[in-house]
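Per my numbering: the sequence shown = residues 29 to 350.
All C-beta atoms in this analysis are idealised placements derived from N, C-alpha and C, irrespective of residue type, glycine included.
The structure displayed is predicted, hence computed values, not measured ones.
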Amino acid sequence: MSVAEKPPLSVLICAPRGFCAGVVRAIDAVEKALAIYGPPVYVRHEIVHNKYVVESLRQKGAIFVDELDEIPPTNAPVIFSAHGVPKAVPEDALRRNFFAIDATCPLVTKVHREAEVHHRRGRHVVLVGHAGHPEVVGTMGQLPEGAISLVETVADVAAFTPPDANALAYVTQTTLSVDDTREIVEALKARFPTIVGPHKEDICYATTNRQEAVKRVAPQVDAMIVVGSPNSSNSQRLREVAERAGCAAARLVLRAEDIDWTIFGNIRRLGLTAGASAPEVLVEEIIDAFAERYEVTVETVSTADESVFFPLPRELRKEAAE
Ligand code: SF4
């Protein structure tokens with residue numbers, strides 16, 4: 029197809045999109061550990077939920093494991109992922125004499141500390157989140173068995189029987205849908221008026237900002253691509269937010285090769301964003317793929333400025349300075 033024959037395509041690209049401060053910190057932690065100590069560096073779970081990122085770190089010498097018992101006795105660093113880990117994991121690492129580096133996002137750690145404070149004050153904790161997500165496993169694992177209950181939906185709230193309805197608190201996963209969570213929190217407050225919660229919900233700035241940008245763009249486009257992995261919670265939520273905001277054809281796409289051209293082959297306006305764990309290089313790859321088929325013009329739709337930065341985990345700051 030010659031350039032002259034290409035149909036026009038207007039791409040509305042969301043800002044902010046892609047990497048958040050917690051993801052940048054976690055990836056930098058693995059790269060810094062590799063630079064200081066050399067390979068191998070062990071990483072428990074995908075450091076962030078993106079196969080491209082994981083694969084590029086693997087090529088540099090990172091070894092990803094599901095559990096600590098897969099790691100042989102070693103002096104090499106063992107890094108915990110951005111999603112956070114149950115308390116039992118650092119305790120196990122200590123028993124095994126591992127040099128552990130915690131790359132848990134500080135905004136997830138903040139939720140862990142909130143849960144602990146509520147527990148110390150005698151409150152049963154309700155966690156609003158998605159079962160099985162590593163962040164939820166990590167947050168549940170901050171408290172003893174039975175001290176924290178998970179609710180995923182408004183129906184779960186209706187069915188929930190607390191040990192003491194007057195001694196309750198809630199915390200939330202950081203990467204939820206802002207709108208869904210508001211409904212669930214309202215249901216909790218309606219059923220348990222004395223429930224204690226964070227001043228502002230625990231959904232992080234990056235999740236909130238990316239969802240806001242999608243809400244602005246989705247009603248204006250024929251189709252929308254969220255660059256991200258299927259196991260990335262915040263990417264999945266962006267796709268749902270796009271659908272609810274009026275874009276029926278919203279899809280999660282990992283790489284350009286995954287684009288379903290039966291959906292995206294005959295549109296005039298495309299919305300584009302990326303989950304917090306998706307690198308910008310993959311956004312560019314998607315734009316390039318469209319540019320092969322369309323005469324593309326790109327317009328950025330910005331709904332917030334971000335300047336959040338988290339310093340590296342303490343162990344790496346010290347070593348880097350020396
Ligand atoms: S999405 Fe939010 S909580 Fe998760 S790593 Fe990024 S900043 Fe931290």
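query                                                                                                       : result
Contiguous beta strand (DSSP E) assignments of at least 3 residues, all confined to the segment 144-220     : 152-156, 176-179, 196-200
Sequence-ordered residues whose beta carbon comes within less than 6 Å of a heavy atom of ligand 1          : Cys48, Ala49, Gly50, Val51, Ala110, Cys133, Leu135, Val136, Thr202, Thr203, Cys232, Ala234, Thr235, Asn262, Ala304
Ranges of the beta strand (DSSP E) found wholly within the segment 84-119, counting only runs of at least 3 : 90-93, 105-108
8 Å Cβ cutoff met for serine 257 and histidine 161                                                          : no
Segment limits, beta strand (DSSP E) that includes tyrosine 233                                             : Here tyrosine 233 belongs to no beta strand (DSSP E); instead the alpha helix (DSSP H) covers 233-245.
Histidine 152 at chain B interface by Cβ criterion, 8 Å                                                     : Within the model displayed, chain B is absent; a lone protein chain is all it includes.
Three-way DSSP call (helix, strand, coil) for proline 36 in this model                                      : strand
Where threonine 200 falls, given that 16 or more other Cβ within 10 Å makes a residue buried                : buried
Through-space distance from isoleucine 91 to glutamate 83, alpha-carbon basis                               : 10 Å
Closest Cα partner of valine 326 within the set Glu74, Arg53, Arg297                                        : Arg297
Residues near arginine 86 in its chain [Cβ-Cβ closer than 8 Å; skip 5 each side]                            : Phe92
6 Å CB neighbourhood of arginine 267 in its chain, flanking five on each side removed                       : Val254, Ala278, Leu280
Beta bridge counterpart(s) of isoleucine 253 as assigned by DSSP                                            : Arg279, Leu300
Phenylalanine 292 - containing beta strand (DSSP E), residue span                                           : Where phenylalanine 292 is concerned, there is no enclosing beta strand (DSSP E), although the alpha helix (DSSP H) it sits in stretches over 289-292.
Beta carbon of alanine 121 nearer than 8 Å to that of valine 106                                            : yes
Beta carbon of valine 71 nearer than 8 Å to that of serine 109                                              : yes
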